[in-house]
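One structure below.
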Amino acid sequence: MKDVKLDDIVSLAKRRGFIYQGSEVYGGLSGTWDYGPLGVALKRNILQLWWKLFVEDRDDMYGVDAAILMNQKVWQASGHTDTFTDPLVECSNCHSRFRADKIDTSKCPTCGQKGTFGEARQFNMMFRTTVGPVEDDRVEAIKAFLNNQVTEEQLQEWVANTPNRVYLRPETAQGIFTNYKNVVDSFYPDMPFGMAQQGKAFRNEISPRDFVFRSREFEQMEIEYFVHPDQWEEAFEQWRKNVWEWCRALGLPQDMVHELEVKGDDLAHYSKRTIDFEFDFPIGREELLGLAYRTDFDLGNIQRVSGKNMEYRPKDGGAPFVPHVIEPSFGLERALMAVLTAAYTEDELNGEKRVYLKLPKHLAPVKCAVSPLLKNKPELAAKAREVYAALKKELGNVMWDDNGNIGKRYRRQDEIGTPYCVTIDFQTLEDNTVTVRDRDTAEQKRVAIAHLFATIS
Ligand code: GAP
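Going by my numbering, the residue at position 68 of the sequence shown is 835; the numbering climbs one at a time, nothing skipped.
Right under this line is the structure:
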C-alpha cells in the first residue's frame, strides 16, 4: 500500500481549492462537501473520461439524464423502501448513534461506556421529502395521533405512504430502468445494449466519514447493460475487463486495485453476483466501485408494479424476453479520492522536500501554467499574455501565474498537478522559443512557440 495519509490529502485539497467542507461558514453540514475551482475541474475531467470511454466511444450505449425526484412507486417496486437500510444503534449514555456493523458494540466509541447499546434497528437511508404543499396534512395527522385518534403505527404508515411522498434518489440506476422502455421504443437498439447515466445520489448515511469517501450527497456514474438471460456471464466478464480499463485510464496502479467476490448475505437484495473493486485508500482497502449481475429483478418489478410490458422483441423474430442486467456502478468521489491518493507524491528537489500531484495529463485540472520570467518587464508580460491566450484557446484550463519567483511558481503548480509550466524569458523575444518545465522530472527544455501546443497537449 502507498504510504499516503488521509490528512495530507484533505489538507492539500482544502489549501489549494479542490474540496471544502459543505456549509463551512455556518459550522458545516456533516457528510456534505463543496468543490472549489480545481476540484470542479478534476471532477469534470473524470466524468468526461468516463462518458467518452463508456458512451461516446461505443456503438451500443445510450445516455440518459433522469429527474432526481421520482414517483415513490419506483422505490417501492425496487425494494428500496423496505430493504435499503443499515443497522442503527444508539448509546443509552451519551446518545451517539452508529452503524452497528462498523463498530465494536460492546463499548461506545464516544463516551467509552460498556454495554450501553441495545438491539440494532433498521434505519432506511433514503432522504424523504414531499412534493407540493402538504405540511397542513402532516400537522392534522400528528394532531390525530396526539388526540389518540390513530396509533403510532398508523401515523408512521401514513407518513411513509403519503401520496406526495418523494425520495432523493439513493442510486441513479432506477432513472435508467424507468427509461428502458422509452429508449427501446425510440431507438430499437440491438441486444445487448447499455444505458448510462451520471448524476447526484443521496444517502442518509448514519456515520458519514473519511472525507468524501462516505458522503450523504455524492455522484454516481452508472451503466445498466441489458442482455439475453443466457448471455449474462459473458457480458459480466467483458465488463470486468472494462472496469480494469477504467482503472488504468484513471492512472491507478494495478497493484492498488483488488477484486472482492461478494458472498451470501453481503450481496445487495437485487444481486445474484457482485464483484467489488477495492482500492488501497489511505483509510485502508475499501470499495471503489461495484460490478453486479442484477438479473431481471428491476425490469421484472417495473413490469409487475406498473403493468407495462418490459419485454424485448428480438429483431430476428425470436421469442420476446425480459432482459437481464449487468451493472457497473462507479462513484465519482471515490474515483477522485483514489486518483488523488495515487497521484500524491513527496520527493526531494534541490535539497528541499517537494509535494506534488502526479496526475495523468488528461485529468489534471490545469493543463499548463504560463508565466513571464519577470513580472515587472512589460515586454515579457505582453509576450507571455499572447502565448497564454493562444494556449487557453486550444487547451481551455490554462493558468496565468506571475506571483513570486519562478521556483515558487513551479512548486505551486506541482502541488496542484499541473503537468507543464511555460516561461517566457528574454530569449523568447529574440527567437520565439519558450522554456517548458516538466512537473515529474523538473527538467526544462526550449521549445518553439509554434510547436508548443503539440509538445504539451
Ligand atoms: N446502483 C448500485 C449501487 O448504487 P452501491 O454499491 O450502493 O451500488 C455504487 O453504490 C457506488 O457508489 C459505490 O461503489 C461507491 O463508489 C459509490 N457510493 C455509494 N455510497 C456512497 C457514499 N455514501 N459516498 C460516496 N460514494 C458512495
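Ideal Cβ placement from N, Cα and C applies to all residues, glycine included.
Query, Result
"CB of Asn1009 within 9 Å of CB of Pro956, strictly", "no"
"Touching by the beta-carbon criterion (3+ pairs, under 8 Å), the stretch 1047 to 1055 and the stretch 921 to 931", "no"
"Within 9 Å, strictly: CB atoms of Asp1043 and Met1023", "no"
"Asp904 versus Gly1018 - alpha carbon distance", "53 Å"
"Of the residues Tyr793, Glu1026, Arg783, Ile990, the one placed nearest Ala963, counting alpha carbons only", "Ile990"
"Thr939 beta carbon near ligand 3 (any heavy atom closer than 8 Å)", "Ligand 3 is absent from the structure shown, which contains only ligand 1."
"Residue span of the alpha helix (DSSP H) that contains Val1154, given as start and end", "1145 to 1162"
"Cβ contact (3+ pairs, closer than 8 Å) linking the stretch 933 to 946 and the stretch 840 to 855", "yes"
"Assigned exposure category for Lys1039 - 16 Cβ within 10 Å defines buried", "exposed"
"Residues near Asp1181 by beta carbon distance below 7 Å, same chain, minus five either side", "Arg1121, Tyr1123, Arg1206"
"Whether Lys1125 touches Gly1163 by CB criterion (9 Å)", "no"
"Pairwise C-alpha distance: Thr896 and Pro975", "20 Å"
"Beta-carbon proximity list for Ile813, same chain, < 8 Å, skipping 5 on both sides", "Leu1017, Leu1099, Ala1102, Leu1103, Val1106, Leu1130"
"Coil, strand or helix - Ala760 by DSSP", "Outside the displayed span of the chain (768 to 1224) sits residue 760, for which this structure offers no information."
"Beta-carbon contacts of Phe1238 that lie in its chain and below 6 Å, excluding the five residues immediately before and after", "This structure cannot settle anything about residue 1238, because the visible part of the chain is limited to 768 through 1224."
"Per-residue burial, Phe1003 [other beta carbons within 10 Å of its own, 16 or more giving buried]", "buried"
"Beta-carbon contacts of Cys878 that lie in its chain and below 6 Å, excluding the five residues immediately before and after", "Asn860, Cys861"
"Reduced DSSP category for Ile1047 - H, G, I as helix; E, B as strand; rest coil", "Sequence inspection shows Asp at residue 1047; the Ile mentioned does not correspond to that position. Note: Asp1047 maps to strand in three-state DSSP."
"Sub-9 Å separation of Pro1020 and Ala1157 beta-carbons", "no"
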